[in-house]
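1 is the number of the first residue of the sequence shown in the UniProt record's numbering; add one for each residue after it. We put the beta carbon where it would ideally sit given N, CA and C, even for glycine. Structure first, then comments.
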Amino acid sequence: MESSNIKEDTTLVSKKSSDDAIKMELTGPEDGTQYRLRIKNIPKFASAKMMKEFLAKNGCEQVKIQKAPKWDYCFVTLKTEVRQLYVLNKLKGIKFKNRELSIQIDNVTEKDRQALFDKRKNEKQQNIEQSGIQKSPEEMLADQVTPLHIYEYQVQLEIKQRGIIKSLETFRDKMGELYNKSQYHSSWLQEEFDFKLPLDLKPIIHSPVLEGYRNKCEFTAGLNLKGEKTVGFLLGAYKDGLNTVLEPHNSIHVSDVAKKIAKAMQSYIRQSLYDVYDRKTKQGNWRQITVRSQKCGDIMIIVQIHPQGLSKEQIDQEKGALAEYFKMVAKEENFDLTSLLVQTYSGVSNGMSEDPFDCTFGTPFIHEEMMNCRFQISPRAFFQTNTAAAELLYQQCGDILEEIYKSKDFSESPTLIDMCCGTGTIGIALSKSLGTKIKGVVGIELCKEAVEDAKINASLNEINNAEYILGPVEKNLSALYNFSNKASGTAVAVVDPPRAGVHKNVIKALRKCRAIEHFIYISCDHNAAIQNFVDICRPINKDFTGAPFKPVKAIGVDLFPHAKHVELIIEFRRNREDSEKLKSDKLTDVPSTSQLKDMSSTSVSQDIETKKNFSD
Ligand SMILES: C[S@@+](CC[C@H](N)C(=O)[O-])C[C@H]1O[C@@H](n2cnc3c(N)ncnc32)[C@H](O)[C@@H]1O
């Protein structure tokens with residue numbers, strides 16, 4: 001029913017509430033009941049984020065929203081029944097987008113969940129039988145984790161390049177519509193490069209390594225088809241009623257050392273008195289093992305345990321035993337164990353939690369080397385999963401920056417604003433390779449540990465002119481205000497966001513920031529980033545008041561052989577030609593005079609308004 005395309009917004013709003021009764025409990029209800037409300041009669045276009053903002057505005061915070069684009073309803077999940085009733089009461093009589101809302105309690109009990117799980121499992125099985133395709137479980141897993149594995153690598157690259165072209169065509173068509181509607185000129189849209197695209201799309205760059213390239217693998221502890229304790233990948237998705245785990249020995253993107261560690265952990269768990277965690281019954285202890293195996297040889301192992309039924313002494317005993325065991329495995333298998341961490345987590349979701357790590361061997365971080373730099377990586381920090389290909393990605397950004405630098409008569413070297421900077425890799429690597437062509441680096445990043453790593457990494461690599469800001473880019477645009485009144489061309493931004501792209505406020509601020517004439521967008525999901533591309537280039541309107549940019553060049557870099565994804569770099573440049581032309585045109589439509597002014601400069605009042613809207 002609600003399986004596909006669901007956008008979840010699970011961030012917790014952190015405003016303080018005076019009402020103690022509605023304070024969220026840290027743990028969920030004991031009986032596993034999910035306290036859910038179904039809000040009906042909302043427009044289909046309303047996103048999970050919009051609903052979350054609407055609820056927050058009405059005093060309902062700390063909620064989880066589920067909403068798919070085609071639904072005219074959404075689910076709101078609360079931690080407790082008290083909160084559920086509170087929200088129900090708060091929303092009584094409130095309209096959303098002028099619509100009367102219909103709200104009903106729609107709780108999900110553990111029994112409902114299990115019934116749904118079984119139903120999906122049967123459906124899945126029937127589909128497999130009806131399709132007549134009898135694939136082995138190993139083949140099904142390979143199709144799942146490396147869906148392009150059946151193609152020669154050259155063909156995979158062609159498929160990826162075609163995907164990029166398709167997204168860029170959609171972007172072009174959307175821009176065409178927008179420019180046709182407005183009375184703006186769009187000379188760049190008339191330009192045609194190869195593939196009839198209004199930007200220069202370069203041939204895709206292939207990964208230097210095709211197998212075992214992943215430096216981070218998250219394995220699940222579960223049961224295989226014979227019911228044996230196994231460490232590997234979940235076959236299928238749990239939501240489809242599948243919870244079988246298969247060993248990764250045939251997974252071509254997993255490194256040999258990661259396979260050895262998974263196997264060793266499997267042997268350990270098979271001898272353990274404790275069970276693997278079962279997501280259906282919520283019983284058992286062994287949950288997950290993450291292996292980070294860097295190109296430079298550093299290895300981090302993170303073991304996640306559900307502490308239920310275990311005393312502190314038993315957990316401590318396991319921690320000690322795991323340290324001894326993996327020291328022995330490292331010696332036998334001839335690898336350097338740099339870090340062994342254990343995390344206890346009692347929640348129900350998958351993946352790493354916010355709970356602390358206990359470092360039971362080595363250091364609580366590892367290092368990686370790339371582009372003549374050395375980077376510290378903490379367990380929670382993001383690092384590109386294919387180091388050798390990431391180097392090519394960064395080099396491409398460096399080449400673009402160098403071209404930008406050469407093409408313009410800079411009064412000074414530009415500052416690099418590294419948005420979503422992770423451990424600081426892009427800013428630091430490019431500072432190092434481009435030297436004085438970059439004046440300094442300002443990095444903005446959401447993950448606290450990554451920011452701490454970035455600061456250390458800057459000094460490790462003797463970059464003395466880097467500063468880092470902790471927090472979501474959309475709420476920490478002060479770095480941009482600092483440049484708002486500077487002459488154009490004094491800053492270049494690199495935006496490397498997660499899959500979904502950046503918040504539109506980031507694009508608004510980029511457009512308003514006078515200093516930025518060029519910026520580079522790196523997307524690991526070009527399809528999801530189309531809306532960002534459109535907002536970057538769309539004609540001025542009351543929301544996007546800064547002068548638009550135009551795309552100049554794009555290039556794909558394949559960091560994920562055999563998988564579907566590809567990194568796409570797009571260079572955008574401020575669309576000055578059209579802006580200048582616009583000034584001399586008679587416009588009957590949007591924008592207003594004040595917005596027109598903003599085409600070439602950011603007014604003080606707008607600056608203040610921006611600060612109000614976007615800063616912390
Ligand atoms: C694709 S990674 C890129 C990291 C880095 N540029 C690199 O190449 O290693 C995206 C990064 O964005 C961070 N991030 C996610 N949402 C963010 C937000 N709203 N504001 C700032 N950073 C964010 C993530 O923590 C992650 O480190």
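- Message: Can you tell me whether proline 248 is helix, strand or coil according to DSSP?
- Response: helix
- Message: Please classify asparagine 285 as buried or exposed, where buried requires at least 16 other C-beta atoms within 10 Å of its C-beta.
- Response: buried
- Whose C-alpha, out of Arg576, Leu393 and Tyr35, is nearest the C-alpha of aspartate 106? Across the set Arg576, Leu393 and Tyr35, the C-alpha of Tyr35 shows the shortest separation from the C-alpha of aspartate 106.
- Message: Considering Cα atoms alone, identify which of Phe193, Glu152, Glu228 and Asp558 is closest to tyrosine 394.
- Response: Asp558
- Task: Output the boundary residues of the alpha helix (DSSP H) element that contains arginine 270.
- Result: 256 to 271
- Task: Within the segment 382 to 460, note down every full alpha helix (DSSP H) run reaching 4 residues or more, in order along the chain.
- Result: Counting whole runs of 4 or more residues, the segment 382 to 460 contains the alpha helix (DSSP H) stretches 387 to 407, 425 to 434 and 448 to 460.
- Tell me the start and end of each unbroken alpha helix (DSSP H) in the segment 37 to 103 that is at least 4 residues and wholly inside, in chain order. 48 to 57 and 81 to 90
- Message: In this structure, how does DSSP classify glycine 163 when only helix, strand and coil are distinguished?
- Response: helix
- Residues of its chain near asparagine 89, where Cβ-Cβ distance is below 6 angstroms and the 5 sequence neighbours each way are ignored: none
- Query: With 16 as the cutoff for other CB atoms within 10 Å, does lysine 612 come out buried or exposed?
  - Reply: Because the pLDDT of lysine 612 is 30, which lies under 50, any placement of that residue in the model is unreliable, and the number read from its coordinates should be weighed accordingly. The residue in question, lysine 612, is exposed, as its Cβ has fewer than 16 Cβ neighbours within 10 Å.
- Query: For the beta strand (DSSP E) that valine 342 lies in, which residues bound it at each end?
  - Reply: 339 to 344
- Task: Just the C-alpha distance for threonine 387 and valine 209, rounded to the nearest angstrom, thanks.
- Result: 9 angstroms
- Message: Using the three-state DSSP reduction, which class does serine 187 fall into: helix, strand or coil?
- Response: helix
- Query: So, is glutamine 266 buried or exposed, given that buried needs 16 or more other C-beta atoms within 10 angstroms?
  - Reply: buried
- Message: Checking the sheet assignment: what are the DSSP bridge partners for isoleucine 289?
- Response: According to DSSP, isoleucine 289 bridges with Phe219 and Val303.
- Query: Which of the three DSSP states, helix, strand or coil, is assigned to glutamate 110?
  - Reply: helix
- Looking at leucine 246 and glycine 232, is the spacing between their C-beta atoms short of 9 angstroms? yes
- Query: In three-state DSSP terms, what is leucine 157?
  - Reply: helix
- Query: What residues in its chain sit with their C-beta under 7 angstroms from that of lysine 586, if we drop five residues either side in the sequence?
  - Reply: Because the pLDDT at lysine 586 is just 40, under 50, the model does not fix this residue reliably, and the value given afterwards should be weighed accordingly. Nothing listed; no residue qualifies.
- Query: Does DSSP classify glutamate 123 as helix, strand or coil?
  - Reply: Glutamate 123 falls in the helix class under three-state DSSP.
- Item | Distance between beta carbons of valine 441 and glycine 422, contact taken as under 8 angstroms | Contact flag wrong, Cβ pair sits at about 13 angstroms.
- Task: Note down, in chain order, each residue of its chain lying with its Cβ closer than 7 angstroms to the Cβ of leucine 446, except the 5 sequence neighbours on either side.
- Result: For leucine 446, where only same-chain residues beyond five positions count, the Cβ hits under 7 angstroms are Gly471 and Pro472.
- Would you mind working out which of Lys553, Glu354 and Ile150 sits nearest cysteine 397, comparing C-alpha positions? For cysteine 397, the closest of Lys553, Glu354 and Ile150 by C-alpha to C-alpha distance is Lys553.
- How far does the beta strand (DSSP E) with isoleucine 520 in it reach, from first residue to last? 516 to 523
- Item | Close beta carbons around lysine 174, own chain, < 8 angstroms, minus the five adjacent residues each side | Ile530 and Val534
- Query: Could you give the uninterrupted runs of the beta strand (DSSP E) lying entirely in the segment 543 to 571, keeping only those of 3 residues or more?
  - Reply: 549 to 557
- Span separating the alpha-carbon of isoleucine 522 from that of glutamine 156: 20 angstroms
- Do histidine 503 and ligand 1 come close, with the Cβ less than 8 angstroms from some heavy atom? yes
- Item | Where tyrosine 35 sits in the DSSP three-state scheme | strand
- Cβ shell of methionine 140 (< 7 angstroms), same chain only, five flanking positions each side left out: Leu235
- Alpha carbon to alpha carbon, how far is aspartate 496 from valine 502? Give it in angstroms, no decimals. If you take the alpha carbons of valine 502 and aspartate 496, they lie about 9 angstroms apart.
- Bridge partners of leucine 201, per DSSP? Ala554
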